Amino acid sequence: MTSRNRIPTILAVGGFGLCLLVPLVVHQDYELNVLFRIALFAALGLAWNLVGGYAGQLSLGNAAFFGIGAYSLPVFHRLGAPIVVALVLGMVTAVAAALVIGRVAFRLRGPYFALATIAFAEVLRLSAKNLDKITGGDVGIQVPALFASDPSRWFYWSAVALTAAALATTVLIVRSRFGYALQAVREDEDTTLACGIDAARTKLLAFLISAAFTALGGALYASLFFYIVPDQVLAIEISEKSAIVAMLGGAGTMVGPIVGAVLLETAQELFKNWFQEAHQLIYGVLLVVVVLFLPDGIVGSVTARWRKRSAR
Amino acid sequence: MEVKLWSLVQAVLSGLLTGSLYALIGMGMALIFGVMRIVNFAHGAFMMLGMYAAYVLFDRVGVSPYVGFIVSAALLFAVGTGVYQTLLRRVADRSDFMQILLTLGIAQIIIGGVQVVFHGDFLQVNLPLRSINLRLGAQIAINLGDLLAFLITVVLALGMFLVVMKTRFGRALRAIAQNRYAASLMGIDVRRTQAVAFGLGLAAVGMAGGLLLPAFYLYPEVGGQFTLKSFVIVVLGGMGSVEGAAIAGLVLGVIESLTSLYWGNEWALVVDFALFLLVLSVKPTGLFGSQRV
Chain A
1 MTSRNRIPTI LAVGGFGLCL LVPLVVHQDY ELNVLFRIAL FAALGLAWNL VGGYAGQLSL
61 GNAAFFGIGA YSLPVFHRLG APIVVALVLG MVTAVAAALV IGRVAFRLRG PYFALATIAF
121 AEVLRLSAKN LDKITGGDVG IQVPALFASD PSRWFYWSAV ALTAAALATT VLIVRSRFGY
181 ALQAVREDED TTLACGIDAA RTKLLAFLIS AAFTALGGAL YASLFFYIVP DQVLAIEISE
241 KSAIVAMLGG AGTMVGPIVG AVLLETAQEL FKNWFQEAHQ LIYGVLLVVV VLFLPDGIVG
301 SVTARWRKRS AR
Chain B
1001 MEVKLWSLVQ AVLSGLLTGS LYALIGMGMA LIFGVMRIVN FAHGAFMMLG MYAAYVLFDR
1061 VGVSPYVGFI VSAALLFAVG TGVYQTLLRR VADRSDFMQI LLTLGIAQII IGGVQVVFHG
1121 DFLQVNLPLR SINLRLGAQI AINLGDLLAF LITVVLALGM FLVVMKTRFG RALRAIAQNR
1181 YAASLMGIDV RRTQAVAFGL GLAAVGMAGG LLLPAFYLYP EVGGQFTLKS FVIVVLGGMG
1241 SVEGAAIAGL VLGVIESLTS LYWGNEWALV VDFALFLLVL SVKPTGLFGS QRV
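Residue numbers (my numbering), protein chains in the order written: chain A, 1 to 312; chain B, 1001 to 1293.
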């Protein structure tokens, strides 16, 4: 049993090791940036998956945490904080925001919860546009560089590291008592309460962890772009995409968000080159096809089929 | 002092004019949510489609959007029943997740499709009607185009309200909203009624699109803000309540207008969402009563 349990771990460690070696083969900034985005959205999808996949709460407001992470870097840096401190402060701020948002939004269920998270993210986006003394508004703000030399490679490596950390956290959580509580909430919240599990606290804790990872992702993204505006880092598209990569790969599966991010980002990049103006249309068709034919996501559907076969 | 009072009256009036269109958009959303329990994330994208339809009519045939909105409505009714039969019907029993994801995908398809056909250019309709202002006394001015749109909207909203509350079909809609299973036992064809309801919901937002066209720049992503607004409206009005959405739309229009007057235009949407969150956390059933269609 123990040897069987080790195989996925070895595979995962080996896989991430290989990912770290990629820059030896890939040298162009453009290609490295595409790979960066794949890794970034894998991490964002994994973070979303904790709340959306395991706890079953459809958050569509993760852009709030992404944006807080992104803006904390320049804002705290300008106030005199060293970059690393600004990075940590960004995570802390995002977790604090998640505490407030979660307190309000988790009192609601189903679509109401999703709408409340969207509203919070939109309030932040619009406020960031209006409070131009702090954020630079629509003109934008310059973000300090995290890496002085060879940035494309280092950004790629940090995104891969973030994904690895998010995956490791997911594995630890899913195997813990807390992870079982999360999944119990997803299956039946009322029964969970009857079993003596504090559903509200369980969901909130997952939300806080998710916010911390998302904020780090936002900071990486902002620093790579060097210059950010609210409509970019607080956009509802960021929230939607975090959820979509996870659901495409399989919400509530450990590697689903990674698979989803690889497929979606690659597809989007190829579509942009192949179809030019039609890329958004094709992207929409892809989404609809996944919902209709792969409702459990790619990883979910494949494992379900595999289980059926081995049960025979 | 008197000048301030007049600007307040002016703000409330123009808020009501805009709000009537919000009401129409919200009523469509509420109808769809009430009868299908689907949060339509493609609502604004469908509205944009209605705007383009009215634009093409104006551009090629010279039909004013204040007439062309009828074609927008008919087109969207057809699109709506078609989309229901081919796509939404299949996810009727799936999770909220999947339904939301599907409507997001539909929105992408519509926006992407329009992008291919019309490209991303900003388009505009110039109507001589809109350069006429009706003056009430020295202080109050009302744009003739806005007034016309308001009057049309009031008629349409009343009509929609009567359909939902007074007709046999409306009773079937409300029955499904209350209990889908029991409705089917009473001999109501749930699928067909839902298809028509989705078509009607989209027709409402399509009309609003046509009527809004003269006041807005047109581009493929123009609908996004209206999707968000329609969320605010249906939550304020009580999810699924058509008359609640109508009142909430008017209220939202006035609130936006007053916010613009006192705090500046850029804070109007922030206040929308703050209000939305306040209602969600204090009275999730909406400001105006209980859940029903």
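Backbone N, C-alpha and C define an ideal beta-carbon position, used for all residues, glycine too.
All values derive from a computational prediction rather than experimental measurement.
Relative to the ligand SAM, is the shortest distance from any of its heavy atoms to the C-beta of PHE207(A) smaller than 6 Å?
The ligand SAM is absent from the structure shown, which contains no ligands of any kind.
- Query: What are the start and end residues of the alpha helix (DSSP H) that includes ASN1040(B)?
  - Reply: Element bounds for ASN1040(B): n/a, residue is neither H nor E.
Practice task
Identify the contact partners of MET254(A) in chain B, using a Cβ-Cβ distance below 8 Å as the criterion.
Solution key: Near MET254(A) there are no residues of chain B at all, since even the closest Cβ is about 18 Å away, more than 8 Å.
Please state if the CB of LEU234(A) and the CB of ALA63(A) are separated by a distance shorter than 7 Å.
yes
| task | Check the Cβ of GLN280(A) against every Cβ in chain B and list those closer than 7 Å, keeping chain order. | result | GLN1108, ILE1111, GLY1112 and GLN1115
Exercise. My understanding is that PRO1220(B) touches VAL1125(B), with C-beta atoms under 8 Å, so please give their C-beta distance in whole angstroms.
Key: So it is not a contact: roughly 16 Å between Cβ atoms.
Straight-line CA distance for GLY1249(B) to LEU1173(B)?
22 Å
query: Does DSSP put LEU1144(B) in a helix, in a strand, or in coil?
result: helix
Listing by chain order, which chain A residues have their CB less than 7 Å from the CB of PHE1276(B)?
By Cβ distance, chain A contributes ALA119.
What three-state label does DSSP hand ARG175(A) in the structure shown? coil
Item to check | Three-state secondary structure (DSSP) of ILE1233(B) | outcome: helix
For SER1230(B) and HIS1043(B), what's the separation of their Cα atoms in angstroms? SER1230(B) and HIS1043(B): Cα-Cα distance of roughly 8 Å.
- prompt: What residues in the stretch 1227-1261 of chain B bring their beta carbon closer than 7 Å to a beta carbon of chain A?
  reply: Hits within the stretch, in order: LEU1228, PHE1231 and VAL1235.
- request: Compare the C-beta of MET1047(B) against all C-beta atoms of chain A and say whether one is closer than 7 Å.
  value: no
Spatially closest choice to GLU187(A) from VAL26(A), GLY110(A), LYS308(A) and THR169(A), by CA coordinates: GLY110(A)
DSSP-derived helix/strand/coil call for TYR1217(B): coil
### Query
Alpha carbon to alpha carbon, what distance is there between TYR30(A) and GLY140(A)?
23 Å
Just verifying my parser: in three-state terms, what is the DSSP assignment at ILE197(A)?
coil
Cut-off 6 Å between Cβ atoms - residues of its own chain near PHE36(A), not counting five sequence neighbours on either side:
PHE155, TYR156 and ALA159
Checklist entry - In chain B, what lies closer than 9 Å to MET247(A) by C-beta? => result PHE1097, MET1098 and LEU1101
Consult DSSP for LEU1017(B) and reduce its assignment to one of helix, strand or coil. When DSSP states are grouped into helix, strand and coil, LEU1017(B) belongs to the helix group.
Problem - CA-to-CA distance, SER239(A) to LEU1236(B), given in whole angstroms - result: 23 Å
For ARG115(A), would you say it is in contact with chain B, using Cβ-to-Cβ distances shorter than 7 Å as the test? The residue you asked about is not Arg; residue 115(A) is Leu in the sequence shown. Interface residue, yes.
For this session: Give the DSSP-derived three-state secondary structure of ARG153(A) in the structure shown.
Result: helix
- Item | Cα-Cα separation between VAL92(A) and ALA212(A), rounded to whole angstroms | 7 Å
task: Closer than 9 Å by beta-carbon distance: list the chain A residues that pair up with HIS1119(B), in chain order.
output: GLU277
* Asked: Between PHE120(A) and ILE134(A), is the Cβ-Cβ spacing less than 7 Å?
  -> no
Interface partners of PRO295(A) on chain B, CB under 7 Å: ARG1094 and MET1098
task = Output the boundary residues of the alpha helix (DSSP H) element that contains ASN130(A).
result = 111-130
Nearest-angstrom Cα distance between ILE1152(B) and ALA1215(B)?
15 Å
> So which residues on chain B does VAL288(A) lean against when the C-beta distance must stay under 8 Å?
Replying inline: LEU1087, LEU1102, GLY1105, ILE1106 and ILE1109
Note to self: Let me see if you follow: with CB-CB separation under 7 Å, is ARG1191(B) close to chain A or not?
What the structure shows: no
*Interface positions of the stretch 1161-1176 of chain B facing chain A (Cβ-Cβ less than 9 Å), listed along the chain*: none
From MET1098(B) to MET247(A), what does the alpha carbon distance come to, in whole angstroms?
-> 9 Å
ARG1292(B) (DSSP reduced to helix, strand or coil) | Low confidence applies here, because ARG1292(B) scores a pLDDT of 44, under 50, leaving its location unreliable; read the following figure in that light. Three-state result, ARG1292(B): coil.
### Query
Span of the alpha helix (DSSP H) holding LEU32(A)?
29-49
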